[in-house]
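Protein chains: 2
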Amino acid sequence: MILSAFNVNLIGFFGARASTVTKATDKKRTLKALAETLELSVTTVSRALGGYSDVAPGTRARVLEAAANADYVPNSAAKMLVTGRSGFVGFMLPLRETAVLDPFLGEYIAGLSSGLSERGRDLFMATVPANQSELTVLQHVVESGRADAIVLTRVAEHDERVEYLIRRGIPFVTHGRTLSEQTDYSWIDTDGYKAFADIFTWLYAMGHRRFGLMSITEPMTFRTHREEGFRDAMQAQGDADTSLVVKHVPRFDTEARVPAVRAMLALENRPTAVLSLTDELALCVLTQAADMGIAVPEQLTVIGFDNIPAADYATPGLTTFDQSIRHAARQMSTMLLDMLDGHTNTTQTLIMPSLVKRGTHAPGPMAAVATVTSPHNQDALSTEPTNYEAASDQSVG
Amino acid sequence: MILSAFNVNLIGFFGARASTVTKATDKKRTLKALAETLELSVTTVSRALGGYSDVAPGTRARVLEAAANADYVPNSAAKMLVTGRSGFVGFMLPLRETAVLDPFLGEYIAGLSSGLSERGRDLFMATVPANQSELTVLQHVVESGRADAIVLTRVAEHDERVEYLIRRGIPFVTHGRTLSEQTDYSWIDTDGYKAFADIFTWLYAMGHRRFGLMSITEPMTFRTHREEGFRDAMQAQGDADTSLVVKHVPRFDTEARVPAVRAMLALENRPTAVLSLTDELALCVLTQAADMGIAVPEQLTVIGFDNIPAADYATPGLTTFDQSIRHAARQMSTMLLDMLDGHTNTTQTLIMPSLVKRGTHAPGPMAAVATVTSPHNQDALSTEPTNYEAASDQSVG
DNA sequence: TATAGTTTCCGAAACGTTTCGGATGGCATC
DNA sequence: GATGCCATCCGAAACGTTTCGGAAACTATA
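These protein sequence lines map, in sequence, to chains A and B. Residue numbers for the first sequence follow the numbering used here, beginning at 1 and rising by one. Residue numbers for the second sequence follow the numbering used here, beginning at 1001 and rising by one.
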């Protein structure tokens, strides 16, 4: 059982306490107005507020007080216009209007905003209208100057958004990476290759030989990595008696996955362990297995990926890899802010997900043999799930 | 069983297809530059692009073509500055950095953005830094002109953010409403009063007499409405043998709720039906009941609220009210856009949630009596869960 | 041929901020 | 008393757009 890694803090939950909000002065609160009341020039007021050294301490104090009294807030448009920076980080919303909800959207936003708020930046969400492509919207956001930097998710193997941003020289970070030759950009990703290699070793040691893999049809890089990780580990094992059946279904199509899962479970030589690229798929396997009278985990081991909340509430609880999207998103935001603050080096971070062991795994048919011959059991996956703080974020770039 | 109400549409999922992105001309793409190449005035170019009638068709065509060729995108800061509108709708992120994730955040964003994208507006997310109050941030967002309108969630019974926005005359919509005397603003809310009144009637008709209510400590309006709805219905029934035990726990504190739930279930005259203000609470009841050896639904009926994804995966599936946050969020966005487009009338919308009947409800001790004496069974809650399209959104304002 | 009306275009101001390049005055130094 | 050096302040330009109030040229009307 894994517990929620985040504490609850209700202090200040209901917004601010008393504060001076109303200022009867309904004059336009601009620098000019401030300057006039203070009988100073606009320049001086601006520089006083901006913390420049060439303004007398007394004057600065007067300005600061007057600004506070008048509830002065600088007009962001004017500031943007003259500085050329918006202060926004742009987030491309990964959904079409009719599309199913990305289960991670909330996690992304929460993680990003927690990082951004610490350095006074805000998040700007670009929505993609039905008649426009995502690239077009991205272009508009960038060219119009509404965002200084971009966060990209759902990166595909070949992603023209990435290519555009590189060509354009805009700071950006992606969650997931492309498979293109263009590799010199900042990303953060889960080490799906190693995770799936490890899970093979672990399951093999537990006596499993016939494997099923519920994968997705979309050409996402993480799909390739995870499939390869498993295949490579299987080949490295060199046991001719191991087998792997892979099925591909559209990632967000809740209907189409059912027949694929059932076909997998109805194979004459049914796998004893089925891995899934997402928890949604794994939960579907669970449901269908129950429906077909297959006992989990006695007759079938099911492994998911993502550790979505529902994984914990399923019966039995789904054994799955935990990748904290929020953690990754938070890290993305700091990477981006570092880039914006002049540290222009690109950083590429791989995070090793931890296996959360619940109730959907059990020894396979070769269990007796395995415990004797294979020492891998201890190596591949530690019994204690590592938590995020301790997780090894190995830097690659 | 309720099915996902949203279709899957993968067309165009991977971003745009080929498009002209690179323009070798690295000149600044401004109106002035455009005007110079076209040998026209800035005014004319602007008006041609803006669709004004006082520009000759031929000229307009030339301008449009040149603009497209140069990948011209108007600078949004300049536009904001002169028009005084940002084109953004502001969303106050309902979380503190250490706070637990609002389970609806993703739904909110998805719903809002789907509505906004249709009318070319973007979403701006205001994050609240640790050292600032939510009201301060809201003020800054409004005064700096970064948002033309505001979406507020998690509205409390008395909410100074609402008061501020009313006083300031900024268009805004809330999800949930206040209990203050200030009522002339636009909101959308779930009819928790009626829902809880109905559920009492339904459960009573099923033979339940002893009720438990897991409520929250936070002074949110929906808490009051739901509690009152249930109490009023119970009083209206006028049966002296009915009883109600209410417990309040912090809404997002996953630890604190456990002892409260256990205390409720350990009562000497344990309720036969426990209602919860949120699904998280209801799922906790389920878990603890299992732990204490109480059979659900045979010995205990559990009713949730919200219909979060995990509710469907629990065993048995949680019977709960479905309120589509996404649906509400989408409607909020259109309400806001209507206000921004000049239709300044405030609209207040109550949505009746539908009960999703899964496996955690069963007849109570008085079942035999009930089926004979009470006709309410048919009235209170229809057997078929209404879907959103058919749901009656009754306008109140 | 004047006159009025229409079509098409443009100059210039305005939005509110930042910042460059001085300007002013006071003070110490030679 | 001239010189240089600070400390403190300010004028004006610039950012890129929209829009008001014409202006010019052409067409239709008297």
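All C-beta atoms, glycine included, are put in the ideal place defined by N, C-alpha and C.
Q) Mind checking if T1360 (chain B) is an interface residue toward chain A, Cβ cutoff 8 Å exclusive? A) no
Practice prompt. Check the Cβ of T1127 (chain B) against every Cβ in chain A and list those closer than 7 Å, keeping chain order.
Written response: S113, L116, S117, D122 and L123
Notebook entry, point to check: Of all the residues that make up the segment 1287-1319 of chain B, which are near chain A by a beta-carbon distance shorter than 7 Å?
Noted result: P1309, A1310, Y1313, A1314 and T1315
How about A1311 (chain B) and T1320 (chain B): are their beta carbons less than 8 Å apart?
yes
- Does the distance from the C-beta atom of D1184 (chain B) to that of G1087 (chain B) stay below 8 Å? no
Worksheet entry | Spatially closest choice to L1336 (chain B) from B:L1112, B:W1202 and B:T1127, by CA coordinates | B:L1112
Contacts of M1080 (chain B) in chain A (Cβ-Cβ under 7 Å) | A77
Need the endpoints of the alpha helix (DSSP H) that K79 (chain A) sits in, please. S76 to T83
- Would you verify that the beta carbon of P1074 (chain B) is, or is not, closer than 8 Å to some beta carbon of chain A? yes
Original post:
Any Cβ of chain B within less than 8 Å of the Cβ of L95 (chain A)?
Top reply: yes
_Using CA atoms only, rank isn't needed, just tell me which of A:D241, A:A295 and A:N131 is closest to P316 (chain A)._
A:A295
Would S1086 (chain B) pass as an interface residue toward chain A - the criterion being a Cβ-Cβ separation below 8 Å? yes
(Q) Quick check on this structure: which residue in B:K1027, B:L1350 and B:A1035 has the alpha carbon closest to the alpha carbon of Y1193 (chain B)? (A) B:L1350
| task | Count the other CB atoms, across all protein chains shown, that sit within 10 Å of the CB of N75 (chain A); report buried if there are 16 or more and exposed otherwise. | result | buried
query = What are the boundary residues of the beta strand (DSSP E) that includes H1175 (chain B)?
reply = F1172 to H1175
Whole-angstrom distance between M92 (chain A) and F211 (chain A), CA atom to CA atom: 37 Å
Check your understanding: With 16 other CB atoms within 10 Å as the buried threshold, where does Y1072 (chain B) fall?
Key -> buried
(request) Classify N307 (chain A) as buried or exposed, calling it buried when 16 or more other Cβ atoms lie within 10 Å of its own Cβ. (result) buried
Quiz item: For Q1348 (chain B), which beta-bridge partners are listed by DSSP?
Solution: B:W1187
_Of the listed residues B:C1284, B:S1117 and B:R1121, nearest to A130 (chain A) (C-alpha basis)_ = B:S1117
Chain-ordered neighbours of G1145 (chain B) on chain A, where CB pairs are closer than 8 Å: N75, S76 and A77
Item to complete: At 9 Å on the CB atoms, spell out the chain A contacts of E1107 (chain B), in chain order.
Response: L101, L105 and G106
Quiz item: Cβ atoms of T217 (chain A) and P250 (chain A): under 8 Å apart, would you say?
Solution: yes
- Item | For G176 (chain A) and F222 (chain A), the rounded distance between their alpha carbons | 7 Å
Considering only their Cβ atoms, is the gap separating V1063 (chain B) from L1081 (chain B) smaller than 8 Å? no
* For the beta strand (DSSP E) holding H1248 (chain B), just list the boundary residues, first then last. => S1243 to V1249
Discussion item. What residue range does the beta strand (DSSP E) around L355 (chain A) cover?
Written reply: S354 to V356
Using 8 Å as the cut-off, can you tell me whether the segment 1225-1235 of chain B makes contact with the segment 1279-1298 of chain B, which would need three or more C-beta pairs spanning the two stretches below that distance? no
Notebook entry, point to check: Residues of chain B with CB under 7 Å from D191 (chain A), in chain order?
Noted result: Neighbours of D191 (chain A) on chain B: none; closest Cβ ~23 Å, over 7 Å.
Q) Counting Cβ pairs closer than 8 Å, one from the segment 35-50 of chain A and one from the segment 1046-1053 of chain B, do we hit at least three? A) no
Under a CB-based cut-off of 8 Å, is L179 (chain A) close to chain B? no
Could you work out which residues of chain B lie near A110 (chain A), taking near to mean beta carbons separated by less than 7 Å?
L1095, L1101 and L1105
Where A1149 (chain B) falls: helix, strand or coil (DSSP) = strand
Point to revise | Close Cβ partners of Q1323 (chain B) (< 8 Å) along its chain, the five nearest in sequence each way excluded | key: T1190, F1305, D1306, N1307, I1351 and P1353
Nearest-angstrom Cβ-Cβ length linking S1114 (chain B) and M1339 (chain B), presumed shorter than 8 Å: Incorrect: roughly 18 Å between the Cβ atoms, too far for contact.
Check: On the three-state DSSP scale, how would you describe I325 (chain A)?
Finding: helix
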